[in-house]
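Those letters in the sequence shown? Residues 496 to 892, per my numbering, in order.
Written below as structure tokens is the structure these notes are about.
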Amino acid sequence: MVDERRRLGYCKEKNIHMIKFLRFLLPAMLAAVMLLILNSKMPFRVTVHGIVNGRVIPRLFMSARPGHRRPTAGVINQTTLLSYAAIELGESKERQLIDRLLDISRARSISSCCRVTQRQKAFQEFHLVLRSWFQNKRFDQRVMTELGELVKAPLDFHYNATGILEIRPGQPYRSCAVVGNSGILLLKTHGPLIDSHEMVIRLKNARTDGFQDRVGSKTTLAFINSHTLHSCASKPECFCHPYGENIPIITYICQVLHFMDLAPCNASRKTPLLVTDARFDNLCGRIVKYYSLKNFVETTGKHPDKWGAAHEGPLFHYSSGMQAVMLALGICEKVSLFGFGKSPHASHHYHTSRMSELALHDYEAEYQFYHDLAAGSQDIPFLSEAGIKLPPLQIYL
Ligand SMILES: *[C@@H]1O[C@H](CO)[C@@H](O)[C@H](O)[C@H]1NC(C)=O
Ligand SMILES: *[C@@H]1O[C@H](CO)[C@@H](O)[C@H](O)[C@H]1NC(C)=O
Ligand SMILES: *[C@@H]1O[C@H](CO)[C@@H](O)[C@H](O)[C@H]1NC(C)=O
496 MVDERRRLGY CKEKNIHMIK FLRFLLPAML AAVMLLILNS KMPFRVTVHG IVNGRVIPRL
556 FMSARPGHRR PTAGVINQTT LLSYAAIELG ESKERQLIDR LLDISRARSI SSCCRVTQRQ
616 KAFQEFHLVL RSWFQNKRFD QRVMTELGEL VKAPLDFHYN ATGILEIRPG QPYRSCAVVG
676 NSGILLLKTH GPLIDSHEMV IRLKNARTDG FQDRVGSKTT LAFINSHTLH SCASKPECFC
736 HPYGENIPII TYICQVLHFM DLAPCNASRK TPLLVTDARF DNLCGRIVKY YSLKNFVETT
796 GKHPDKWGAA HEGPLFHYSS GMQAVMLALG ICEKVSLFGF GKSPHASHHY HTSRMSELAL
856 HDYEAEYQFY HDLAAGSQDI PFLSEAGIKL PPLQIYL
């Protein structure tokens, strides 16, 4: 009898749970069905979660359906895109910061009395390097034709002295491989092919140990951003050469304060540590932005002045890989790209497990640029108008 009552009570409770559950389930199912219908009819796609820093975040995302192009608000022509690509969103703020840093470093580098201290010397150097870099901060696409003088000549001087490679002064390198860090490298064994290039440029000090059959083992130039240099600077003697002490480094400055790391790191090396010309940075920025704007306008139908809000505004930046490719195009007869691209079967980087991409880059825009070059197009924004031609490029996937 008692058992029977217990059983009834239990059943009742179970029923209440069931009703509660259904009350939740039915609207959820209804919403899911509506979402499905919406998704198949609309020019955009709705997803209900996103992955941010490897964690699944419940969120509603709307993105343009690939291949579906909405009519653009008014017709946006090439001239308009080029003029928007020329706008640097963070420029005035950066200039203010540089002006302030130049003032401070000038003040601190002046000896008040007789002996120049170590600190004052460091500020002096910082001041000089920052000022000379800053003087070149403008748009001038001819920098593309000066890379032989700016970069190849000092590299050659070093290669000649160390015998790393046979040089032909005044002539481009015969073949260059730029090795990106995409996980797609692990899907093939391009190692020997990569090593067969005269010049092998690697990015962000990615290691090759343990991956030689996939990524090769030869390195003749390391291309890094100043964040990487900054983390090197915290190590004894600015250890920054996973490829050997003889391998030159070229860095672009992504934060002007990183100029502080330059002098001590340069002093601890016998091998060239070059900084990209600010005109070269400017040109790379404009080209990537042009492609990003073009994509944005074509896929969203929005006006280019809405682009900034969708691309991290002043934080938007080309990737290290893109600038390394541009460098190779300036100093090589032909360029091969490895490890540039994506695959659902590959991680973001071959040597780390990071899956996500940084939102401040637009890899899609950069791939489009590489694909135009691979297709033999000489109609590259900001270059074709100045009659600057680029060598052939091949993409290995
Ligand atoms: C491009 O578009 C702008 C603004 O819509 C217009 O003023 C300009 O004349 C156009 N240029 C060309 C070459 O069509
Ligand atoms: C390369 O090295 C050789 C021998 O050390 C020297 O004679 C030659 O001038 C060097 N060439 C250049 C371009 O530095
Ligand atoms: C590094 O040092 C060399 C030799 O002392 C110098 O010629 C070069 O300009 C320095 N590079 C930078 C980026 O300061």
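Note that the Cβ used here is the ideal one computed from N, Cα and C, for glycine as well.
No experiment lies behind these values; they were computed from the predicted model shown.
- Between Ile679 and Ala841, the CB-CB gap stays under 7 Å.
- By alpha-carbon distance to Gln615, the top candidate from Ser677, Arg626, Ser627, Ile599 is Ile599.
- Boundaries of the alpha helix (DSSP H) harbouring Thr575: 573-580, taken from the DSSP string.
- In this structure, Gly808 and Leu584 form a Cβ contact; the two beta carbons are roughly 5 Å apart against a cut-off of 8 Å.
- At the C-beta level, Tyr579 and Pro799 come within 7 Å of one another.
- Between the alpha carbons of Pro687 and Ala804 lies a distance of about 44 Å.
- With the criterion CB distance below 5 Å from any heavy atom of ligand 2, the matching residues run Asn655, Pro664 along the chain.
- Taking Gly780 as the centre and dropping the five residues before and after it, the same chain places the C-beta of Glu583, His812, Tyr813 closer than 8 Å to its C-beta, in chain order.
- Cβ neighbours of Cys727 within its own chain (closer than 7 Å, five residues either side excluded): Cys733, Phe734, Cys735, Cys760.
- Runs of alpha helix (DSSP H) with 4 or more residues, each lying fully within the stretch 628-715, are found at 638-642, 648-657, 686-690, 707-710, listed in chain order.
- With respect to the 7 Å criterion, Gly711 and Gly816 are not classified as neighbours on the basis of their beta carbons.
- Inclusion of Asn761 in the 6 Å shell around ligand 3 follows from its C-beta lying nearer than that to a non-hydrogen atom of the ligand.
- Under the DSSP assignment, Phe833 falls in the beta strand (DSSP E) whose first and last residues are 830-833.
- Annotation note: the stretch 857-885 contains the following uninterrupted alpha helix (DSSP H) runs of length 4 or greater, listed N- to C-terminal: 858-869.
- Environment of ligand 1, chain-ordered: Asn572, Thr574, Thr575, taking every residue with Cβ within less than 5 Å of a heavy atom.
- When secondary structure is reduced to three states using DSSP, Ala841 falls in the coil class, being assigned neither helix nor strand.
- The three-state reading of DSSP puts Asn741 in coil, since its state is none of H, G, I, E or B.
- Around Asp635, the same chain offers Arg774 as residues with beta carbons nearer than 7 Å, after the five sequence neighbours per side are excluded.
- As computed with DSSP, Cys827 is found in a beta bridge with Tyr668.
- DSSP, reduced to helix, strand and coil, places Thr795 within a helical segment of the structure shown.
- By the beta-carbon neighbour count (other beta carbons within 10 angstroms, threshold 16), Glu644 is exposed.
- In this structure, ligand 3 has no non-hydrogen atom nearer than 6 Å to the beta-carbon of Val646.
- Rounded to whole angstroms, the gap between the alpha carbons of Gln666 and Gly882 is 20 Å.
- A distance criterion of 6 Å places the beta-carbon of Val751 beyond contact range of ligand 3, judged by its closest non-hydrogen atom.
- DSSP places Val770 in the strand class (E or B) of the three-state scheme.
- Ile890: member of the beta strand (DSSP E) spanning 888-891, first to last residue.
- In the three-state reduction of the DSSP assignment, Thr723 falls in the helix class, which pools H, G and I.
- Here DSSP, grouped into helix, strand and coil, assigns Tyr747 to strand.
- Close CB contacts of Gln889 within its chain, under the 8 Å cut and outside five residues either way in sequence, are with Lys829, Val830, Ser831, Leu832, Ala869 (chain order).
- Secondary structure note for Cys760: its alpha helix (DSSP H) is the uninterrupted segment 754-762.
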